[in-house]
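Heads up, the sequence shown is in our numbering, so the first residue is 19 and it goes up one at a time.
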Amino acid sequence: MTPVTPDLSGLPPGSPSGAPPGGTAEGPPNGAGGGSRLTAVAPAVFVVLWSSAFIAGVPGVAAAPPLLLMFARFALAGVLLAGYALITRAPWPRGRAAAHIAVTGLLIQAVQFGSFYTALGMGFPAAVVSLVQGLSPVVIVLAMRLLGETVTRRQGLGFALGAAGVVLAVADRVSLSVWGVVLCLVGLLGLSAGTLYQKQFVPDMDVRTGTALQLLVSAPAVGLVCVAFETPRVSDWAAFGASVAWMVLVNSIAAFILLNKMLLRSSASRVSTVFFLTPSVTAVLAWLLIGQSLHPLAIAGLVLGGAGVLLANHRAATM
């Protein structure tokens, strides 16, 4: 049993090159040098793309209500990706497959991002929101253990450290908004449940049409909540437009296509390990790009939470 990095090839160790199980994922042959390099750098590229969403969201939620920002993101990204899928003649899901993909979209897109960006709008630092999101591997592995696998002492300690890290990270914000903490936890559950649901019920969906459907289903759901609970008004169109453009092209299309490809080629627990790195990367990006500092307790929470999720996911990362 030796530690391994997330396996994005989808092939058992020692297998000859070829298509991943199910034969649905597209890409160069595994033996091609370019394909191997792309597989190797995919986790790092995904982490940077994913983390940048929180940075782009800071000026966005300052210019408009969070759910209005999410509605614009989902609607534009969904239309663009659907157009691309039609041009490339990608197969559209039907029947139960379409229904399952719609559920994953509502969980991963609407519930997760609607909650996280509303917390950002309440003043939570981007790195703190990212830390809560980074606990997704812990939730996913714990759920898998509850379905029949045992939890080791090392993992139990990891869960405790991860929870303590979250408490420290948000300790200086609880007095401002308990609802912000609740929203972060709801976003975490949305991401974790959606990842498990997608891997269980639609593990072989086409990443073009599947992601497009997820976005198109989430847009009206978030739009209705926006109209019901927010005042949909934009105070700074330049900041709003720049934020939406980045999140549409980079976060909703590029990052999610990459995420769905990784889910096609590997287990949910292995893919989820890339979220271990998002809090640190988000903190660095926030410091470099928007000058957002962190309270000492939040920094301690980032360190403690990172150690906790690594311990908690120890067995999932060892095969």
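We treat Cβ as the ideally placed atom computed from N, Cα and C, and that holds for glycine.
Here the structure is a predicted model, which means the values were calculated and not measured.
* What did DSSP end up calling S195 once you bin it into helix, strand or coil? -> Note: S195 maps to coil in three-state DSSP.
* **Per-residue burial, I158 [other beta carbons within 10 Å of its own, 16 or more giving buried]** => The C-beta of I158 has 16 or more other C-beta atoms within 10 Å across all chains shown, which makes the residue buried.
* On the three-pair Cβ rule with 8 Å, is the region 139-150 touching the region 308-317? -> Short answer: they touch.
* **Contact set for L206: own chain, Cβ-Cβ below 7 Å, skip 5 residues either direction** => Excluding residues within five positions, the ones whose Cβ falls inside 7 Å are V150, Q151, L153, S154 and V157.
* So, V243 versus G75, is the Cβ gap smaller than 8 Å? -> Contact flag unset, no.
* **Straight-line gap, N278 to V225 (C-alpha atoms, nearest Å)** => When rounded, the distance between both Cα atoms is 6 Å.
* C-alpha gap between P61 and G113, whole angstroms -> Rounded to the nearest angstrom, the two C-alpha atoms are 32 Å apart.
* Please list the segments of the alpha helix (DSSP H) lying wholly inside the region 236-312, counting only runs of 4 or more residues, in order along the chain. => Within the region 236-312, the complete alpha helix (DSSP H) runs of at least 4 residues are 255-264, 274-283, 286-290 and 296-307.
* Asked: Taking just the CA atoms, how far does R171 sit from G6?
  -> Given that the chain is displayed from residue 19 to residue 337, the structure contains no residue 6 and the question cannot be resolved.
* Taking only beta-carbon atoms, is A272 less than 8 Å away from chain B? -> The structure shown contains no chain B, having only a single protein chain.
* Out of S69, V220, S270 and P83, state which residue places its alpha-carbon closest to the alpha-carbon of H118. => The residue with the shortest Cα to Cα distance from H118 is V220.
* Where in the region 149-183 do unbroken runs of the alpha helix (DSSP H), each at least 4 residues long, occur, reported from the N-terminal end onward? -> For the region 149-183, the full-length alpha helix (DSSP H) segments reaching 4 residues or more read 154-164 along the chain.
* Host alpha helix (DSSP H) of P84 (start-end) -> Per DSSP, the unbroken alpha helix (DSSP H) holding P84 starts and ends at P84 to I105.
* Sequence-distant residues of the same chain with beta carbon closer than 6 Å to G326, five excluded per side -> Closer than 6 Å at Cβ, skipping near neighbours: G176, L179, G180 and G183.
* A137 versus D222: straight-line alpha-carbon distance, rounded -> Straight-line Cα distance between these residues: approximately 33 Å.
* Asked: Taking C-alpha atoms, which residue in A82, M162, S70 and I73 lies nearest to F258?
  -> Nearest of A82, M162, S70 and I73 to F258, Cα basis: A82.
* Asked: If you draw a straight line from the C-alpha of Q216 to the C-alpha of A93, how long is it?
  -> About 21 Å.
* Taking the alpha-carbon positions, what's the R251 to L329 distance? -> Going from the Cα of R251 to the Cα of L329 covers about 44 Å.
* **Proximity to M88 [Cα-Cα], best of S236, S298 and I317** => Of S236, S298 and I317, the residue nearest in Cα terms is S236.
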